[in-house]
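**Q** Chains H and Y supply the protein sequences, listed in that same order. Those letters in the first sequence? Residues 816 to 1013, by the numbering used here. Those letters in the second sequence? Residues 93 to 178, by the numbering used here.
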Amino acid sequence: MIFFGNDIVDLLLPDNKEKSKDSRVIEKILNERERKNLSAIPDHCGLLWTFWACKEAVCKAAVKLGLPKSGNPHEYEIEFTDLLSNRKGAGSAKYLNTDFTVQFAGTSSYVHAIAFSGKGKTSEYITSIEFVDSSTDASIFAKEVLLTSVSDCYSIEKKKLACHKNELGIPIITNNNVVLDIDISLSHDGNWLAVIHN
Amino acid sequence: MDKGTIEAKIIELLKRYTRNDEVWMNIHSGTRIIEDLKINSARVVDVIIDIEDTFNIMVSNELMDKIKTIGDAVNVIADSKNAMSA
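Set out below in structure tokens:
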């Protein structure tokens, strides 16, 4: 089974825009090889946070495989093989000697990455990327988006569906309290949230 | 600097990154920085840099991995300060 994880970064958040110029932030997030990639692209902000989103997405997929989570961003090694621009592309990743495949796409406002367990592996999935204003509870909104999408795709009554985290902190979806075999991943940063499911 | 003082400074520092005061109810040394305080993972690097600046220490990427709770942060900082003064 292929597991996936996703992550979204709001590129317009002042914290994110400013930090992309901070060499200490860059050194903590990127390993030496990744830093060389960064120096070759003019849009540091977009590419730095693309790396970050890919690393976070790999982390979420890795936890589903039973791998321990690391707080050291260098341990999630990303290599872009298809860097069409820093707004869209694909690549591979390695974490604890385990291979992952990454894909990313974005706009001038956000970058969204998805990681799949396995080398060169992807699976079918449905993505919803939504703008969320600061007065909205992003967590509740993300669950609403997820449950609506799953209800529509699988023809299940939405009121019977619920989204929780299991004992490992992995989000799961239930139908009448029975865990469904549907892989899901939720992410939120600033004014953007992303929900994916298979 | 004793661990109580370090903990108080860390809590003050972390409060800049939380959006909901409710997360500060019932905090303890085992409180997890991302999951319990609901600090966005993208801000964790900022937290580490704030810790470096506040306590005048270097936190390596290997040590970053050890900081998952408030207590972990206190221990990493206390160990770093002790190593510097030894």
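From the three backbone atoms N, C-alpha and C, an ideal C-beta is built for every residue, glycine too.
1) According to DSSP, is R839 of chain H part of a helix, a strand, or is it coil?
2) Is N821 of chain H closer than 8 Å to A1009 of chain H when the C-beta atoms are compared?
3) Can you give me the start and stop residues for the beta strand (DSSP E) that G921 of chain H sits inside?
4) Give the C-beta separation of E777 of chain H and Y910 of chain H to the nearest angstrom, bearing in mind that I take them to be a contact with Cβ-Cβ under 8 Å.
5) Measuring CA to CA, which of Y:G163, Y:A175, Y:N174, Y:D171 is closest to S121 of chain Y?
6) Any chance you could list the beta strand (DSSP E) runs of at least 3 consecutive residues sitting entirely within the stretch 143-168 of chain Y, in chain order?
7) Could you give the DSSP three-state label for D94 of chain Y: helix, strand or coil?
8) Counting pairs of Cβ atoms below 8 Å between the stretch 95-111 of chain Y and the stretch 840-854 of chain H, do you hit three or more?
9) Cα separation between D952 of chain H and A178 of chain Y?
10) If you reduce the DSSP assignment to three classes, tell me which class D948 of chain H lands in.
11) Taking F919 of chain H as the reference, which of H:F818, H:V824, H:L962, H:M816 has the closest Cα?
12) Using only CA atoms, which one of H:I944, H:N991, H:I817 lies nearest to K879 of chain H?
13) Shorter than 8 Å from the beta carbon of R839 of chain H to some beta carbon of chain Y?
14) Kindly indicate which three-state DSSP category N174 of chain Y falls into: helix, strand or coil?
15) So the candidates are H:G935, H:A868, H:N1006, H:S885; which of them puts its Cα closest to the Cα of R902 of chain H?
16) Starting from W1007 of chain H, follow its DSSP beta bridges and name the residues at the other end.
17) Relative to the alpha-carbon of N991 of chain H, which residue among H:I997, H:S1000, H:K973, H:D1004 has its alpha-carbon at the smallest distance?
18) Determine whether the beta carbon atoms of I131 of chain Y and L155 of chain Y lie at a separation below 8 Å.
19) Could you list the residues in the stretch 878-898 of chain H with a C-beta less than 8 Å from some C-beta on chain Y, going in chain order?
20) Is E847 of chain H helix, strand or coil when you go by DSSP?
21) Can you say whether V994 of chain H is buried or exposed, counting buried as having 16 or more other CB atoms within 10 angstroms of its CB?
22) Could you tell me whether the stretch 960-980 of chain H touches the stretch 932-946 of chain H, where touching means 3 or more Cβ pairs closer than 8 Å?
23) Whose Cβ in chain Y lies nearer than 7 Å to the Cβ of E945 of chain H?
24) Measuring CA to CA, which of H:H927, H:L962, H:N981 is closest to H1003 of chain H?
25) At a Cβ cut of 8 Å, what residues of the stretch 122-143 of chain Y count as close to chain H, listed as they run along the chain?
26) DSSP has P986 of chain H in a bridge; who is on the other side?
**A** The answer reads as follows:
1) Position 24 of the first sequence holds residue 839 of chain H. Helix.
2) Position 194 of the first sequence, counting from 1, holds the residue named residue 1009 of chain H. Position 6 of the first sequence, counting from 1, holds the residue named residue 821 of chain H. Closer than 8 Å, so yes.
3) Sequence index remark: in the first sequence, residue 921 of chain H carries index 106 (1-based). DSSP places G921 of chain H inside the beta strand (DSSP E), whose first and last residues are 913-921.
4) Because chain H in this structure spans residues 816 to 1013, residue 777 of chain H falls outside the shown range and cannot be described.
5) Reading the second sequence from its first residue, position 29 is the one you call residue 121 of chain Y. Here the closest residue by C-alpha is Y:G163.
6) Within the stretch 143-168 of chain Y, no complete beta strand (DSSP E) run reaches 3 residues.
7) Residue 94 of chain Y sits at position 2 when you count from the first residue of the second sequence. In the three-state DSSP reduction, D94 of chain Y falls in the coil class, being neither helix nor strand.
8) No, because fewer than three Cβ pairs between the stretch 95-111 of chain Y and the stretch 840-854 of chain H fall closer than 8 Å, the two stretches do not touch.
9) Against the first sequence, residue 952 of chain H aligns to sequence position 137. Against the second sequence, residue 178 of chain Y aligns to sequence position 86. Near 48 Å, if we compare the C-alpha coordinates of A178 of chain Y and D952 of chain H.
10) Within the first sequence, numbered from 1, the residue matching residue 948 of chain H stands at position 133. The answer is coil: DSSP assigns D948 of chain H none of H, G, I, E or B.
11) Walking along the first sequence from the start, residue 919 of chain H turns up at place 104. For F919 of chain H, the nearest C-alpha among the options comes from H:V824.
12) In the first sequence, the residue the question calls residue 879 of chain H occupies position 64. Taking only the C-alpha atoms, the option nearest K879 of chain H is H:I817.
13) Counting from one through the first sequence, the residue named residue 839 of chain H turns up at place 24. The beta carbon of R839 of chain H falls within 8 Å of a beta carbon belonging to chain Y, placing the residue at that interface.
14) To locate residue 174 of chain Y, count along the second sequence from 1; it is residue 82. Helix.
15) Taking the first sequence and counting its residues from 1, one reaches residue 902 of chain H at position 87. Out of H:G935, H:A868, H:N1006, H:S885, H:A868 has the C-alpha closest to the C-alpha of R902 of chain H.
16) By one-based count along the first sequence, residue 1007 of chain H stands at place 192. DSSP, once it has assigned bridges, lists H:F946, H:D1004 as partnering W1007 of chain H.
17) Indexing the first sequence from 1 puts residue 991 of chain H at position 176. It is H:K973 whose Cα lies nearest to the Cα of N991 of chain H.
18) Position 39 of the second sequence, counted from the start, is the residue given in the question as residue 131 of chain Y. Position 63 of the second sequence, counted from the start, is the residue given in the question as residue 155 of chain Y. In terms of Cβ geometry, I131 of chain Y and L155 of chain Y do not form a close pair [threshold 8 Å].
19) Result list: S885, G886, N887, P888, H889, E890.
20) In the first sequence, residue 847 of chain H corresponds to position 32, counting from 1. It is helical.
21) Sequence index remark: in the first sequence, residue 994 of chain H carries index 179 (1-based). Taking all protein chains shown into account, V994 of chain H has fewer than 16 neighbouring C-beta atoms within 10 Å of its C-beta and is therefore exposed.
22) Yes, the stretch 960-980 of chain H touches the stretch 932-946 of chain H.
23) The count along the first sequence starts at 1 and reaches residue 945 of chain H at position 130. Here the premise fails: no neighbours, minimum Cβ distance about 17 Å.
24) If you number the first sequence from 1, residue 1003 of chain H lands on position 188. Residue H:H927 is the option with its Cα nearest to H1003 of chain H.
25) Within the stretch 122-143 of chain Y, the residues whose Cβ lies closer than 8 Å to some Cβ of chain H are E127, N132, S133, A134, R135, V136, V137, D138, I140, I141, listed in chain order.
26) Mapped onto the first sequence, residue 986 of chain H falls at position 171. Note: P986 of chain H sits in a beta bridge opposite H:K980.
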